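J.: Below is one structure. I have some questions about it.
There are 2 protein chains.
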Amino acid sequence: MARTASLSGFPEWLPEERLVELHVLDTLRKVFELHGFSSIETRAVETVGQLLRKGEIDKEVYGLSRLQDDEGDESKAGKHDPHALALHFDLTVPFARYVVENAGYLAFPFRRYQIQKVWRGERPQEGRAREFTQADIDVVGDGDLPFRYDVEIALVIAEALSALPIPDFRLRINNRKLAEGFYRGIGLDDTAGVLRSIDKLEKIGAAKVAELLKTELGASDEQAQAALSLAGIRTEDTSFVAQVRALGVTNDLLEEGLDELEQVIAAAVQRAPGKVVADLSIARGLDYYTGTVVETVLVGHEQLGSICSGGRYDALASKGNRKFPGVGLSIGVTRLVSRILSQDLAKASRSVPTAVLVALTDDDSWGAAQDVAAQLRGRGIATEVAAKAEKFGKQIKFADRRGIPFVWFTDDDGKHQVKDIRSGVQVDADPASWAPADEDLSVQVTTALHASAQPA
Amino acid sequence: MARTASLSGFPEWLPEERLVELHVLDTLRKVFELHGFSSIETRAVETVGQLLRKGEIDKEVYGLSRLQDDEGDESKAGKHDPHALALHFDLTVPFARYVVENAGYLAFPFRRYQIQKVWRGERPQEGRAREFTQADIDVVGDGDLPFRYDVEIALVIAEALSALPIPDFRLRINNRKLAEGFYRGIGLDDTAGVLRSIDKLEKIGAAKVAELLKTELGASDEQAQAALSLAGIRTEDTSFVAQVRALGVTNDLLEEGLDELEQVIAAAVQRAPGKVVADLSIARGLDYYTGTVVETVLVGHEQLGSICSGGRYDALASKGNRKFPGVGLSIGVTRLVSRILSQDLAKASRSVPTAVLVALTDDDSWGAAQDVAAQLRGRGIATEVAAKAEKFGKQIKFADRRGIPFVWFTDDDGKHQVKDIRSGVQVDADPASWAPADEDLSVQVTTALHASAQPA
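The structure is reproduced here in structure tokens:
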């Protein structure tokens, strides 16, 4: 499975693969709604000015222009025209715009989930597509947003990921205040620069990061070493606090960050044991994060990259003096589904929603067959009717080819029988009362037992 | 409700409006799956060459280009570059491409539904957006596709529309073979030209269409009159057959079309009484239809335009000599939802998924409150926990503002009570067993009783 996309970076699923994706999407929606998150969608299109507010990402944006622009009312998309239209590259920036525009209609703190496609004109590779689906949850406040929502968001995501047919995972959590306070405490004031360097740790290693810190940010050996020591701290409980303190740095912002991260980790140890680690190397490239930052790895699939990222942003959305601080996390649905499919981690119990094919005895029996089908559908049993009165063997073969487990027969006397074509067992049945076993009623998506994680 | 979109032609819904849209989408999905249609999605992007295969639509297409194209590996979208990328403007053309590409993996006749956004760079107006959601069902065969699927598709759509919170509707059905055979039978061989003129009947009236037929297609008075007589036939049963025969035209293709349309209408009279009319004025502009053609109006909202259109296409998809004839219908979800919202035809029973807010007695009770919430969620009750231990009155006000019907209290002795904040009734409750009434468990979307159809 997972055939090559006919357009590189734009994956499309076969129907049985789509069933796995639908299961993932339905599961996420269910968990999000149980936690009181409202669904919204934003338009796929933003103005270039809106998208580029935070800088850096313009390389990846797809601009729009009408192919035959004969009315002159829309300009071609270009990075220099802030009113030009472009496709959104994430769901956070559009959500911030939506909140500001609709602030008068929303009840704050506003909890929403948003599951949509986003587009990035990047070079495609495994785990990185040009069109992909994200599933985001965020809580946004009006003026302020209690820190408790940072804790809650992490717990909701841990619950949502636990419900998916995926390998074990770890939320790796850090806090920008902690890191920035620490850097200031050791005398490195270009905290964004330090974060950018630390963000490269996994790619280029500690020695090269130390080199960067010294050459580009003027850090001393000691400062570089201290920054790397901080980034080396990783604990599954709140013992990171003592480890940071042992580095002997004091700073108010550092204390605030330590306290926040401790709250998240303490709650996670209790409510999502084993799913969360404090990882002080996590930086997140995007510069709108102001506190909690999160990345998530699938255990045994670390090279896939983060499958869920996000954090706290206190200044992304504002309307005059009114601020809308938020915290949110975004699940990379396409990245997850691609991995599930390419490694057969889960599969659908059948390839179509149909449970029953009603066979035709002769061509005139189509109406009667539709009556049987309507009765079954009325009780929630997905049913289709054969289009041609071919020999029963052919109609059974048709059901088999489509992956339909049951075939229904009605003889000239109106006697009904249903055959489980997997076992060959055929029994008398009443369209008003017969039902398949629960596991055959609708498509089940189950984790493959033989699934083995690919070593990192 | 239905505020002005901040970008003309790109509607966005408030959370409580989105609940209505979700209800429509969930209902359609359920009906489609009960009839054995598989979900697929295709990429939002097609090549310009693929999109323009059928001509005429290029004015409406949005082309894509990367804002900062510094790698030179992608050209700017342009109508003269068939490899350039553009957003799809419907779901039929992408589906045809998908079928051809994946023919080796699909079991035919292949039944699929597809619910996605499409984009058209048209001038926005009521009922016509630039970004909108379509919900399509199609059946595609390999080589041939029995006509019975034309009948079935119409019945499935009638059932799906009947399940939605919308006013009464009529599927207006015609058949291209019938019309083309008739035109040939009266000596008008440019049947596409005649269809294009007849398609303008509702807009410009019979007199001007007769003029067009005479000036542009060289029709005689008698020919123009005959074509208009045919277009004037509209019956709720199969009596259209006799009315056409009374016009005295004979042609083999006409006979074939009469027989097909009779089959659809006969089945509809029986299985979807009152929902379908034979309307011989229906032409459909797009030229890939080869038999059955359908448009659908909401009764009392005719000026909204068709809310569900489609038909039989025998030659849209092919791979060498291999043909994949299909039949399908497309529901204009955004057009329907816009109308439901702007005229308050239906509404959600509350504005958030949350049924219960667990209040905090003091700040330290957050963990215990999460335990209560987890118990409720475990039984399918959407629950959120207050973030701050404010006075109970304030926490109740918060629930009220968010539209949450129940607030849960736990006192210091661990005694639980739940308050219905609409009635004010507060009762003892056990988090392991308490449940709201069925109608409060999840959001209900109901047709407004006072909804009055707008006169046409």
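For the record, the sequence lines run as chains A and B.
Just so you know, the working numbering puts the end of the first sequence at 1633, numbered straight through with nothing missing.
Just so you know, the working numbering puts the end of the second sequence at 1633, numbered straight through with nothing missing.
Don't be surprised by glycine CBs; every beta carbon is placed ideally from N, CA and C.
Values in this document were obtained by computation on a predicted structure and should not be read as measured data.
With a cut-off of 7 Å, does the C-beta of glycine 1240 of chain A fall near any C-beta of chain B?
T.: Taking the first residue of the first sequence as 1, we reach residue 1240 of chain A at position 63. Yes, contact with chain B.
J.: So, with DSSP's three-state summary, where would you put glycine 1503 of chain A?
T.: For the purposes of this step, residue 1503 of chain A is taken as the residue at position 326 of the first sequence. Of the three classes helix, strand and coil, the one that applies to glycine 1503 of chain A here is strand, per DSSP.
J.: Would you identify the three-state DSSP class for asparagine 1428 of chain A, choosing helix, strand or coil?
T.: If you number the first sequence from 1, residue 1428 of chain A lands on position 251. Residue state, collapsed to three classes: coil.
J.: Using the rule of at least 16 other Cβ atoms within 10 Å of the residue's Cβ for burial, across every protein chain shown, is aspartate 1398 of chain B buried or exposed?
T.: Taking the second sequence and counting its residues from 1, the one referred to as residue 1398 of chain B is at position 221. Aspartate 1398 of chain B is exposed by the Cβ-count criterion.
J.: Is the Cβ-Cβ distance between serine 1458 of chain A and leucine 1378 of chain A less than 7 Å?
T.: Your numbering for residue 1458 of chain A matches position 281 in the first sequence. Your numbering for residue 1378 of chain A matches position 201 in the first sequence. For serine 1458 of chain A and leucine 1378 of chain A, yes; Cβs fall inside 7 Å.
J.: Closest to proline 1502 of chain B by CA distance: which of B:Phe1287, B:Ile1581 and B:Gln1245 is it?
T.: Here residue 1502 of chain B is taken as the residue at index 325 of the second sequence, counted from 1. It is B:Phe1287 whose Cα lies nearest to the Cα of proline 1502 of chain B.
J.: Does the count of Cβ pairs from the stretch 1346–1356 of chain B and the stretch 1521–1536 of chain B closer than 8 Å reach three?
T.: No: fewer than three Cβ pairs fall under 8 Å.
J.: Under 8 Å between beta-carbons, which chain B residues line up against arginine 1289 of chain A? List them in chain order, please.
T.: In the first sequence, the residue the question calls residue 1289 of chain A occupies position 112. Those within 8 Å of arginine 1289 of chain A in chain B are Pro1192.
J.: Round the Cβ separation of arginine 1461 of chain A and serine 1486 of chain A to the nearest angstrom and send it over; I've been treating them as touching at under 8 Å.
T.: Locating residue 1461 of chain A in the first sequence gives position 284, where the first residue counts as 1. Locating residue 1486 of chain A in the first sequence gives position 309, where the first residue counts as 1. Indeed, because the Cβ distance is near 7 Å, the residues count as touching under 8 Å.
J.: So what's alanine 1312 of chain B in DSSP terms, helix, strand or just coil?
T.: For the purposes of this step, residue 1312 of chain B is taken as the residue at position 135 of the second sequence. Reduced to three states, the DSSP call for alanine 1312 of chain B is strand.
J.: Quick check: the stretch 1281–1296 of chain B against the stretch 1305–1323 of chain B, are at least 3 beta-carbon pairs closer than 8 Å?
T.: Judged by Cβ distances under 8 Å, the stretch 1305–1323 of chain B makes contact with the stretch 1281–1296 of chain B, as three or more pairs qualify.
J.: Closest Cβ-Cβ distance between leucine 1435 of chain B and chain A: below 7 Å?
T.: Within the second sequence, the letter at position 258 stands for residue 1435 of chain B. Output row for leucine 1435 of chain B: interface = no.
J.: Under the three-state reduction of DSSP, which class applies to arginine 1556 of chain A: helix, strand or coil?
T.: Taking the first residue of the first sequence as 1, we reach residue 1556 of chain A at position 379. It is coil, neither helix nor strand.
J.: Measuring alpha carbon to alpha carbon, tell me which residue in A:Ala1408, A:Ala1340 and A:Leu1244 is nearest valine 1371 of chain A.
T.: By 1-based counting over the first sequence, the position of residue 1371 of chain A is 194. Of A:Ala1408, A:Ala1340 and A:Leu1244, the residue nearest in Cα terms is A:Ala1408.
J.: Which residues in the same chain as histidine 1260 of chain A place their Cβ atom closer than 8 Å to its Cβ, once the five residues preceding and following it in sequence are excluded?
T.: Sequence index remark: in the first sequence, residue 1260 of chain A carries index 83 (1-based). Excluding residues within five positions, the ones whose Cβ falls inside 8 Å are Thr1224, Val1225, Gly1226 and Ser1252.
J.: Strictly under 7 Å for the Cβ-Cβ distance: is lysine 1354 of chain B near chain A by that measure?
T.: As a first step, residue 1354 of chain B must be located in the second sequence, where it is residue number 177. No, lysine 1354 of chain B does not count as interfacial toward chain A.
J.: Could you check if glutamine 1547 of chain B is buried or exposed, using at least 16 other CB atoms within 10 Å of its CB as the buried criterion?
T.: Counting from 1 along the second sequence, the entry for residue 1547 of chain B is found at position 370. Buried is the call here.
J.: Alpha carbon to alpha carbon, how far is serine 1374 of chain A from leucine 1394 of chain A? Give it in angstroms, no decimals.
T.: To locate residue 1394 of chain A, count along the first sequence from 1; it is residue 217. To locate residue 1374 of chain A, count along the first sequence from 1; it is residue 197. In a straight line, the C-alpha of leucine 1394 of chain A is about 9 Å away from that of serine 1374 of chain A.
J.: Which residues in chain B have a C-beta closer than 8 Å to the C-beta of leucine 1348 of chain A? List them in chain order.
T.: On the first sequence, position 171 is the one that residue 1348 of chain A refers to. Simply none; closest approach about 17 Å.
J.: Check distances from the C-beta atoms of the stretch 1486–1501 of chain A to those of chain B and list, in chain order, the residues that come in under 7 Å.
T.: Within the stretch 1486–1501 of chain A, no residue qualifies.
J.: Please name the residue in A:Glu1388, A:Glu1439 and A:Ser1406 whose C-alpha comes closest to that of threonine 1132 of chain A.
T.: The requested residue 1132 of chain A is not part of the displayed model; chain A covers only 1178 to 1633.
J.: What separation, rounded to the nearest whole angstrom, lies between the Cα atoms of leucine 1229 of chain A and arginine 1297 of chain A?
T.: One-based indexing of the first sequence puts residue 1229 of chain A at position 52. One-based indexing of the first sequence puts residue 1297 of chain A at position 120. Each residue's Cα considered, the two are about 13 Å apart.
J.: Roughly how many whole angstroms lie between the Cα atoms of glutamine 1400 of chain A and glycine 1362 of chain A?
T.: Counting from 1 along the first sequence, the entry for residue 1400 of chain A is found at position 223. Counting from 1 along the first sequence, the entry for residue 1362 of chain A is found at position 185. Glutamine 1400 of chain A and glycine 1362 of chain A: Cα-Cα distance of roughly 10 Å.
J.: Here's a check: name, in chain order, each residue in its chain whose Cβ is nearer than 7 Å to the Cβ of alanine 1576 of chain A, leaving out the five neighbours to either side.
T.: For the purposes of this step, residue 1576 of chain A is taken as residue 399 along the first sequence, with counting starting at 1. Cβ neighbours of alanine 1576 of chain A beyond the five flanking positions: Leu1534, Val1584 and Ile1598.
J.: Hey, is alanine 1312 of chain A close to the ligand FMN, as in C-beta under 6 Å from one of its heavy atoms?
T.: This structure simply doesn't include the ligand FMN, nor any ligand for that matter.
J.: Hey, would you say arginine 1325 of chain A sits closer than 7 Å to alanine 1337 of chain B, going by beta carbons?
T.: Against the first sequence, residue 1325 of chain A aligns to sequence position 148. Against the second sequence, residue 1337 of chain B aligns to sequence position 160. Cβ distance not < 7 Å, so arginine 1325 of chain A and alanine 1337 of chain B don't count as in contact.
J.: Any C-beta of chain A sitting closer than 7 Å to the C-beta of glutamine 1183 of chain B?
T.: As a working mapping, residue 1183 of chain B is identified with position 6 in the second sequence. Looking at the sequence itself, residue 1183 of chain B is serine, so the reference to glutamine does not match. So, interface residue.
J.: Going along chain A in order, which residues have a C-beta closer than 7 Å to the C-beta of phenylalanine 1187 of chain B?
T.: Locating residue 1187 of chain B in the second sequence gives position 10, where the first residue counts as 1. Chain A residues near phenylalanine 1187 of chain B: Arg1220 and Val1222.
J.: Grab the span of the beta strand (DSSP E) containing isoleucine 1381 of chain B for me, first residue to last.
T.: Within the second sequence, residue 1381 of chain B is the residue found at index 204, counting from 1. Per DSSP, isoleucine 1381 of chain B belongs to no beta strand (DSSP E); it is in the alpha helix (DSSP H), 1378–1381.
J.: Please name the residue in A:Ile1381, A:Gln1402 and A:Gly1382 whose C-alpha comes closest to that of aspartate 1391 of chain A.
T.: Position 214 of the first sequence, counting from 1, holds the residue named residue 1391 of chain A. A small fix is needed here, since residue 1391 of chain A is lysine in this sequence, not aspartate. Ranking A:Ile1381, A:Gln1402 and A:Gly1382 by Cα distance to lysine 1391 of chain A puts A:Gln1402 first.
J.: Quick one, are the C-beta atoms of arginine 1489 of chain B and valine 1504 of chain B less than 7 Å apart?
T.: One-based indexing of the second sequence puts residue 1489 of chain B at position 312. One-based indexing of the second sequence puts residue 1504 of chain B at position 327. Yes, Cβ-Cβ distance for arginine 1489 of chain B and valine 1504 of chain B is below 7 Å.
J.: Go through its chain and collect everything with a Cβ distance to alanine 1254 of chain A's Cβ below 7 Å, but skip five positions before and after it.
T.: Sequence index remark: in the first sequence, residue 1254 of chain A carries index 77 (1-based). Caution applies to alanine 1254 of chain A, whose pLDDT of 49 falls short of 50 and renders its modelled position unreliable; the model cannot decide the point.
J.: Using beta carbons (cut-off 7 Å, strictly below), is alanine 1284 of chain B in contact with chain A?
T.: Position 107 of the second sequence, counted from the start, is the residue given in the question as residue 1284 of chain B. So yes, alanine 1284 of chain B belongs to the interface.
J.: Under 7 Å between C-beta atoms, does isoleucine 1334 of chain A make it to chain B?
T.: By one-based count along the first sequence, residue 1334 of chain A stands at place 157. Not an interface residue.
J.: From B:Ala1384, B:Leu1389 and B:Ala1356, pick the residue whose C-alpha is nearest to that of asparagine 1428 of chain B; which is it?
T.: If you number the second sequence from 1, residue 1428 of chain B lands on position 251. The residue with the shortest Cα to Cα distance from asparagine 1428 of chain B is B:Ala1356.
J.: From the DSSP output, read off the bridge partner residues of lysine 1496 of chain B.
T.: Your numbering for residue 1496 of chain B matches position 319 in the second sequence. According to DSSP, which records beta bridges pairwise, lysine 1496 of chain B is partnered with B:Arg1499.
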